[in-house]
Each structure stands twice: as C-alpha cells, then as structure tokens.
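Undergrad:
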Amino acid sequence: ENQGLLVSNDNSYPRIKALSMNMQRCGVANSIITLTEARNYAYMKNFFDKILLDAPCSGTGTINKSVDTVKMWNPAMVIRLSKIQKQLISCAFEALKPGGTLVYSTCTLEPDEDEAVVDSLLSKYGNAKLSDINIEIKKSSAVLEFEGHPFSPEIKKCLRIWPQDNETEGFFVAKILKEK
Numbered sequence: 502e503n504q505g506l507l508v509s510n511d512n513s514y515p516r517i518k519a520l521s522m523n524m525q526r527c528g529v530a531n532s533i534i535t536l537t538e539a540r541n542y543a544y545m546k547n548f549f550d551k552i553l554l555d556a557p558c559s560g561t562g563t564i565n566k567s568v569d570t571v572k573m574w575n576p577a578m579v580i581r582l583s584k585i586q587k588q589l590i591s592c593a594f595e596a597l598k599p600g601g602t603l604v605y606s607t608c609t610l611e612p613d614e615d616e617a618v619v620d621s622l623l624s625k626y627g628n629a630k631l632s633d634i635n636i637e638i639k640k641s642s643a644v645l646e647f648e649g650h651p652f653s654p655e656i657k658k659c660l661r662i663w664p665q666d667n668e669t670e671g672f673f674v675a676k677i678l679k680e681k
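FYI, in our numbering the residues of the sequence shown are 502 to 681.
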C-alpha cells in the first residue's frame, strides 16, 4: 500500500479534477497527476514498470449509456482516432522498461481502434509480445482480420467485452509485454 510511485495523466482538466478527488478519497498518497498530452512522455524512454493506456476513442462501446455516441460517430473520426492511438501506444511502449507491462484499453469496439492499433505496435517492435488475459467474465474473441487485412496471430490474446454480456460498457483490452 502506497509503495512506488503512481503517475496519472490526462489532457482534460475536468477529468484530472475528478481523478484527484478520487485519489484523495481512496487515500492514495504516492501519486503525481499531470495535465499534458500523453505523447509528451515519449522522451522518458524505458522509465515505467507498468503503463495503462486508456486511449481516446470513438466510444462505440458506450452506446447503451449515451445515444450521442451514435450521433457523433463517423468513419473519418475513427481514422483520425486510430492515428492518434497508434502514436500513443508507440510512445507508451517506448516509455516502458524492458520486462514491463503495457495495458491498452478502449471503450470502442471498432477494429481500426483496437486490434489494428495493437497489430501496428507488434509490427513496429520485435520485442512487443501479447500476454493472455485471464479474467472471470464473459468475453469474446478478438477480430483476427478486418477489411481484408489479417492481423498477427498474437492478436487472439486480446479480448473484447460486449455490453450485453456483462451489463457493462463495451471494452477492448490488450496486455503487452516488453521483452528484455
């Protein structure tokens, strides 16, 4: 409890404010909260033991909660977000120590924002490997091919959580190890 250092970051002041209040409420004393673009962490090569990248996304996994998500969705937005996500996951991987773990998550179910992003990381870095995720909830298999583009067989270790299966929002999660 309260060992090590927890660095939390967001580029939205309202989310930082809520995060800060939650950290205080939970008694987390060993933390630093920053308000910056996550890409600014790219210069901190091999610094972090563990990273959770909850990437900005189109939010299609939240349509049960917010009909506005459907109204805002469009293919150009998915393409734009996918580019940002690929930059963020590369920056996070660069900042991860060898032997470290990076968890990539989104609340979208768009393969361009999920499997395609993780696949691009695996293609770019030979020392990036996926790890199985063992949790006791109903989950679905990852998409192994999308629009004629096959993904790495490693992608099968990612998981999708559909909103109707667990009375949650929809999520995508990948657990990535940086080999030494």
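All C-beta atoms in this analysis are idealised placements derived from N, C-alpha and C, irrespective of residue type, glycine included. Source: prediction; values computed, not measured.
Would you mind sorting residue 648 into buried or exposed? The rule is 16 or more other CB atoms within 10 Å of its CB.
TA: The residue in question, residue 648, is exposed, as its Cβ has fewer than 16 Cβ neighbours within 10 Å.
Undergrad: How is residue 664 classed by DSSP in three states: helix, strand or coil?
TA: Note: residue 664 maps to helix in three-state DSSP.
Undergrad: Taking buried to mean at least 16 other C-beta atoms within 10 Å of its own C-beta, is residue 666 buried or exposed?
TA: Its Cβ having fewer than 16 others within 10 Å, residue 666 is exposed.
Undergrad: Within the same chain, show all residues whose beta-carbon is closer than 7 Å to that of residue 574, passing over the 5 residues directly before and after it, in chain order.
TA: Taken in chain order, the residues that qualify are 559, 561.
Undergrad: Quick one: which unbroken beta strand (DSSP E) runs of 3-plus residues sit fully inside the segment 531-591? Chain order, please.
TA: Here the runs fully enclosed are 532-536, 549-555.
Undergrad: Rounded to the nearest angstrom, how far is the Cβ of residue 658 from that of residue 622, given a contact under 8 Å?
TA: Not really, about 13 Å apart at Cβ, beyond 8 Å.
Undergrad: Measuring alpha carbon to alpha carbon, tell me which of 521, 592, 608, 636 ends up nearest residue 566.
TA: Considering only alpha carbons, the answer is 608.
Undergrad: Have a look at 618, 564, 522 and flag the residue whose alpha-carbon is nearest the alpha-carbon of residue 676.
TA: For the residues 618, 564, 522, the minimum Cα distance to residue 676 belongs to 618.
Undergrad: Between which two residues does the beta strand (DSSP E) holding residue 674 run?
TA: Counting along the chain, the beta strand (DSSP E) containing residue 674 begins and ends at 672-679.
Undergrad: Is it true that the segment 636-645 meets the segment 596-606, where meeting means three or more beta-carbon pairs spaced less than 8 Å apart?
TA: Short answer: they don't touch.
Undergrad: Return the Cβ separation of residue 614 and residue 582 in integer angstroms, given the expectation that the two are a contact with Cβ distance under 8 Å.
TA: Going by Cβ atoms, the distance from residue 614 to residue 582 rounds to 6 Å, so yes, they are a contact pair.
Undergrad: Is the separation between the beta-carbon of residue 599 and that of residue 655 shorter than 9 Å?
TA: Not closer than 9 Å, so no.
Undergrad: Quick one, are the C-beta atoms of residue 534 and residue 512 less than 9 Å apart?
TA: No, these two residues do not count as a Cβ contact at 9 Å.
Undergrad: From residue 626 to residue 634, what distance separates their C-alpha atoms?
TA: Taking the straight line from one Cα to the other gives about 21 Å.
Undergrad: Identify the residues that DSSP records as bridge partners of residue 607: which are they?
TA: Answer by DSSP bridge pairing, in chain order: 673.
Undergrad: Suppose the cutoff is 7 Å on Cβ atoms and the five residues either side in sequence are ignored; what does the same chain contact list for residue 544 look like?
TA: So no residue of the chain qualifies.
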